[in-house]
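Those sequence lines, one after another, are chains A and B.
Counted the way numbering that gives the first Met the number 0 counts, the first sequence spans residues 0 to 665.
Counted the way numbering that gives the first Met the number 0 counts, the second sequence spans residues 0 to 383.
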Amino acid sequence: MSKMWTRSLIARLVTAFLVVATIAVALLGYTAYRLGTDAIQQAVIERLSVAASLKENELNRWIDDQRQEVQVLASSPIIRLNAAIISRNEPTSAAYTSAYGTLTTYLPSIVLNKSSLTEIFILSNDGGRIVYSTDKNREGQFRLADRYFVQGKRGTIVQNVYPSPVTLKPMLTIAAPLFDSNGSQFGVLAAHVNLDRLDQIVFERVGLGGSSESYLVDRFNDFVSGQRFGRSDFPRGVHTLGIDDAIRGNDGSALYNNYNNVPVVGAYRWIDNREFALITEINQEEAFAPARRLGLTVFGVGLALALTNALVIYVFTRQIVRPVSALTEAAAQVAAGDLTVQATVLTNDEIGVLVRTFNRMTEQLRQGREYLEEQVVERTTELRHTNMQLQHLASELGGKNRYLQEGLALAHDIQLGLLPDHPPWNTDKLIVHGRSLPSAEVGGDFYTFVDVRESTWIAVGIGDISGKGVGAALMMALTSSTVEERARQGARPAALLNELNTRLLPRLKANNMNAALLYLMINLEDSSLYVANAGMIAPLLLRDGAVEYIEVFGFPLGSISNPQYTEVRIDLKPGDAILLMSDGVVEARNEQGEMFGFDQVEALLRENPTLDQVNVGDHMLQQVTQFMGRAAQHDDITLVWLQFLGAQNTPPTAIMENAPASRQPA
Amino acid sequence: MATLRQRLVQYWLLSLLAVGLSACGPARQQPEIRIGVLASFSGAGAINSGNATMESANLAAQQINNAGGLDINGVKHKITLVFGDDENNPGRAVDAARKLLLQDTVVALIGPQYSSNAIPVASVAEMARVPMISPMSTNARTTADKQFVFRVGFVDDAQGKALASFAQQEFNARRGAVLYDIASDYNRGMAETFKRQFEANGGTIVAFEAYTTGTTDFRAALQRIQEASPAVLFLPNYSADAIAQATQAREIGITASILGSDGWTSMRVATVPALQGAFFTQHWHIEVQNPQSQRFVADYLAAYQREPLETAALTYDAFQLLFLAMQQQKSSAPEQIQRGLASITAYEGVSGTIGYHGTGDPVKAVMIVQINDGKSTFYKLVKP
């Protein structure tokens, strides 16, 4: 509910209006009721007072009539004469009988014809004895103390409604003195008045409505009617504001609660000569009914108007809110990404302008996005085009690559062909094996065996051109062919390296390359070995089961312009073995990234002195390959294994000349 | 603009005031019980009766009020008397009674003393449903067919019977005469009861003479009585008449024993020679010795310095019955008082044991007193 309240402008507007309108209308209705009540109260009181006046006048006129009637009777000669006779004579006398008979023919007919008098009777001054009555049962009674008798002796008297001392029934008695022909008062003629007429006059409707009521109350706060005093439901009399004020002798009118505690409008008056109060009342509920109706009508009509207004407000508010709602909906769609939506323009007022503005804004947004989309399409097309070109190029390149690959394979084959399978000398004294495992198709490592022309010398070279691939391979080919050319000419190791450095330096430098090369010469005659090293791992000598390095070092070829390589001489003994290797052997890594290392190489050599000499190189290569496992090979792995069996008889002298004596090991 | 503190102080003072007022309340307004006393405080031949009634009523009320009030259910109620004068006239009596019942809102009515007034007032009280106790009314009609009307004395029938029997037994009288006020219900009723009982006992009423109220010369009627030579002459009339009648009877030469009824009660008896030796009935006599009576007489003497009349004694009893009924019922509501009175079976009062057995008439012995040497003396108690 509260959600709806905070969300709905219409609900708030209509409710607020209805609350204010209902309060206003209720006030209006109440005011109408109050004003109506005041007016009606005045009118009702006037009518009640008028009715009471009429009743009072009628009562007085009626009682006056009865009074005159009794007076006429009391002054009638026939009655006076005969009443005097029966008052003064014994009932047994003839005169009494005659007089009684006359009265009997006369008075009862009056009672019968004059319905207002219920009993006419004659009292004697002697003890107030009833000497004659139209009610025979009453004859012989003494009413000495009764007021109508006591006062009736002196003059005509109306004893106003009083309770009979005998029956307590209401009575109204009129009495007049009786005078005989001599003018002396001898008795009283009295008559009880029929009070039906009293009730008629009093209880006759006031004519104001069903609840209007008029009644008499005597000076003791008791109801009075022709039938009875008091009412059994009010044994202790009735006390209301109106009654009490009237009994105090006041006339007036007021709003008060009647004897049944019902709110009434009452007019009351004390009728002094009759000694009772006449009260006229009407229920406030009935009296003020028109005012209430007026108030309710005003309220009802007002409410109906308010509801109509609320409906109008509802419709108007909806008209204002509907374009806003439509706009909200459109905005929500735009927020969701639909820029084609257009809010309907329902009005030409401020909201209409807002809607139009919104629509324009959406349109511009849409156009902007369309432009962007076009741009994207264009770019995409271009990209696709480029992509196709690239694919074309890639396939071209793929072709070229294949060609290159083929070239590489060929180079590999050629390179492998460059590495010698067998030494070009008699292997009775010196066995040599070379093994190379290039990392790419074409490697940078090489080795070579040369039988120095016309001498007892043989030479072995092992090199490692920095870099791999075709460039390194070509350089390797150049280097190896240069080494072989110079070796065949008998160049000494240090001289050969110096010369080679000089010849290759420019090329190597130009290509940011260098070439490591170890070169040794063995004189098969005197078992001497000369070795010079340009950047390769020093040779390992296995002698009598021990492994040691031949300490010979130098910069790789192409590193500096004048390195001045030196050579080392050792004398071989039969059984000596020498291992040459490229750094790819010790730097080979397994899957855990561990290097094969010098220790394993040395250990392998130490553990396998008894192995078949031919197989040491192969065994080493196998061990390295096994060590690497699936790990990639990063560098060429090259091994050369020399096994010295014994010296030849003829030393290669020519070559010895070239060897610098000072550099020969002692 | 008052600060909170000022307002708190105001409330505090107001609450103090409220507590103070409520504390004062009960002390100021003691609940009261309004009792109507209706008697002849004016009117012919009734002054003695009225005075006695008023004195006795005031004595009864003062005794209670001096003790702090009538204790009903632990609450002391002040007794307030509201007097109404019946002027010894039935019409006036009805008016006065209606004023007491309808306007003065009394919860009970004591009186009237005379039956002629008590009879119509009894009807008014019955209609208003307010209990009424007439101390002295003896007429049967006073209480007949009424729930709310009670009396303290015996009924006429009882005293008529008692007197008739007394006359016959005491004097062996066979011939009786009656002179009575035919215009007064009481006198007439007494006369008729006496006649009926006398004749029933085997006697003869040789003269039954009536007169009407206001008569002063009874010689004609007495003459006729003289001629009938009765042994007893019954004068069931009020004091003044009875004195005149006895005096005139003796003048004429009537020698018959003279009897009177309780109507003689307020004649402060009787220095009248003609009445010497006469007998009459009474409800109570000062010579009757019982603790209640002795205390009452002492209290009355102390209060008013004169001996109480029988009217005073019976009125005093009427008040005591009323107080007893209220205390028994723990209520001063009229209907409750009626219930309380009807349930009293044996109250030891000044005038003897009083109890109601389904009617408003107590069953009581009739006392006969004799006038000797100017005063009445207890003679005999005739039990029912």
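In this text, a Cβ means the ideal position worked out from N, Cα and C, and glycines have one as well.
Just to confirm my understanding: we take residue i, look at its own chain, exclude 5 residues before and 5 after, and list those with CB closer than 7 Å. What are they?
i                      : result
residue 384 of chain B : Summary: the structure shown does not reach residue 384 of chain B, with chain B confined to residues 0 through 383, and so no result is reported for it.
residue 212 of chain B : 180, 182 and 183
residue 344 of chain A : 351, 354 and 355
residue 310 of chain B : 48, 51, 52, 112, 134, 135, 264 and 265
residue 584 of chain A : 595, 600, 623, 636 and 638
residue 573 of chain A : 643, 644 and 645
residue 114 of chain B : 136, 137, 138, 141, 184 and 185
residue 324 of chain B : 336, 339, 340 and 343
With distances taken Cα to Cα, identify the nearest neighbour of residue i among the options.
i                      : options                       : result
residue 312 of chain A : A:17, A:621 and A:632         : A:17
residue 46 of chain B  : B:303, B:238 and B:185        : B:238
residue 510 of chain A : A:349, A:517, A:246 and A:558 : A:558
residue 349 of chain A : A:339, A:335, A:323 and A:580 : A:323
residue 23 of chain A  : A:235, A:64, A:553 and A:294  : A:294
residue 451 of chain B : B:249, B:120 and B:293        : Absent from the structure is residue 451 of chain B, since the part of chain B shown begins at 0 and ends at 383.
residue 358 of chain A : A:12, A:57, A:330 and A:385   : A:330
residue 317 of chain A : A:252, A:553, A:346 and A:210 : A:346
residue 334 of chain A : A:146, A:290, A:321 and A:360 : A:360
residue 368 of chain B : B:227, B:257, B:28 and B:341  : B:257
residue 555 of chain A : A:531, A:288, A:113 and A:212 : A:531
residue 70 of chain A  : A:205, A:486 and A:178        : A:178
residue 616 of chain A : A:629, A:506, A:581 and A:631 : A:581
residue 43 of chain B  : A:40, A:143 and A:61          : A:143
residue 381 of chain B : B:364, B:281 and B:287        : B:364
residue 277 of chain B : B:288, B:259, B:270 and B:247 : B:259
Can you list, in chain order, the residues of its chain with a C-beta nearer than 6 Å to that of residue i? Leave out the 5 residues immediately preceding and following it.
i                      : result
residue 14 of chain A  : none
residue 224 of chain A : 198
residue 160 of chain A : 169, 171 and 223
residue 257 of chain A : 239, 263 and 280
residue 102 of chain A : 81 and 131
residue 483 of chain A : 447 and 449
residue 214 of chain A : 278
Cβ closer than 7 Å: which chain A residues qualify as neighbours of residue i?
i                      : result
residue 98 of chain B  : 219
residue 101 of chain B : 219, 220, 221, 235 and 236
Could you tell me which chain B residues have their CB closer than 8 Å to the CB of residue i, listed as they occur along the chain?
i                      : result
residue 125 of chain A : 211
residue 258 of chain A : Correct list: empty, because the minimum Cβ distance to chain B is about 12 Å.
residue 47 of chain A  : Those do not exist, as residue 47 of chain A stays about 25 Å from chain B at its closest Cβ, beyond 8 Å.
Would the beta-carbon of residue i be found less than 7 Å away from any heavy atom of the ligand ATP?
i                     : result
residue 82 of chain B : This structure lacks the ligand ATP, and indeed carries no ligand of any kind.
Using a cut-off of 8 Å between C-beta atoms, extract the partners of residue i located in chain A.
i                      : result
residue 182 of chain B : 126, 127, 128, 141 and 143
residue 215 of chain B : Simply none; closest approach about 13 Å.
residue 104 of chain B : 235
Closer than 7 Å by beta-carbon distance: list the chain B residues that pair up with residue i, in chain order.
i                      : result
residue 131 of chain A : Ordered by position in chain B, no residue passes the 7 Å Cβ test against residue 131 of chain A, which lies about 16 Å from the chain.
residue 153 of chain A : The premise fails here: residue 153 of chain A is roughly 16 Å from chain B at the closest Cβ pair, so nothing lies under 7 Å.
residue 229 of chain A : 126
At a CB-CB cut-off below 9 Å, which residues of chain B make contact with residue i?
i                      : result
residue 162 of chain A : 90, 93, 94, 97, 119, 122 and 123
residue 146 of chain A : 88, 90 and 91
residue 167 of chain A : 93, 119, 122, 123 and 126
Using C-beta distances below 8 Å, list every residue in its chain close to residue i, excluding the 5 sequence neighbours before and after it, in chain order.
i                     : result
residue 19 of chain A : none
residue 88 of chain B : 42 and 116
Mind checking the segment 74–89 of chain A against chain B and listing, in chain order, the residues whose C-beta falls within less than 9 Å of any C-beta there?
The residues in question: there are none.
If you pair each beta-carbon of the segment 188–202 of chain A with each one of the segment 83–93 of chain A, do three or more pairs fall below 8 Å?
With a cut-off of 8 Å, the segment 83–93 of chain A and the segment 188–202 of chain A do not count as touching, because too few Cβ pairs lie within range.
Output, in sequence order along the chain, the residues in the segment 80–92 of chain B whose CB is closer than 7 Å to any CB in chain A.
Within the segment 80–92 of chain B, the residues whose Cβ lies closer than 7 Å to some Cβ of chain A are 88, 89 and 90, listed in chain order.
Of the residues that make up the segment 114–134 of chain B, which ones have a beta carbon closer than 7 Å to any beta carbon in chain A?
Those residues of the segment 114–134 of chain B that come within reach of chain A (Cβ to Cβ, closer than 7 Å) are 119, 122, 123, 126, 127 and 128.
Name, going along the chain, the residues of the segment 35–47 of chain B whose beta-carbon falls closer than 8 Å to a beta-carbon of chain A.
Answer in chain order: no residues at all.
Three Cβ pairs or more, each shorter than 8 Å: is that satisfied between the segment 140–150 of chain B and the segment 75–95 of chain B?
Segments in contact, no.
Assess contact between the segment 239–250 of chain A and the segment 22–36 of chain A, defined as three or more Cβ pairs (one per stretch) separated by less than 8 Å. Is contact present?
Verdict: no, contact absent.
Contact between the segment 145–156 of chain A and the segment 38–53 of chain A (3+ Cβ pairs under 8 Å):
No, the segment 145–156 of chain A is not in contact with the segment 38–53 of chain A.
Does the segment 203–217 of chain B come within contact of the segment 169–180 of chain B, defined as at least 3 CB pairs closer than 8 Å?
Touching, per the Cβ criterion.
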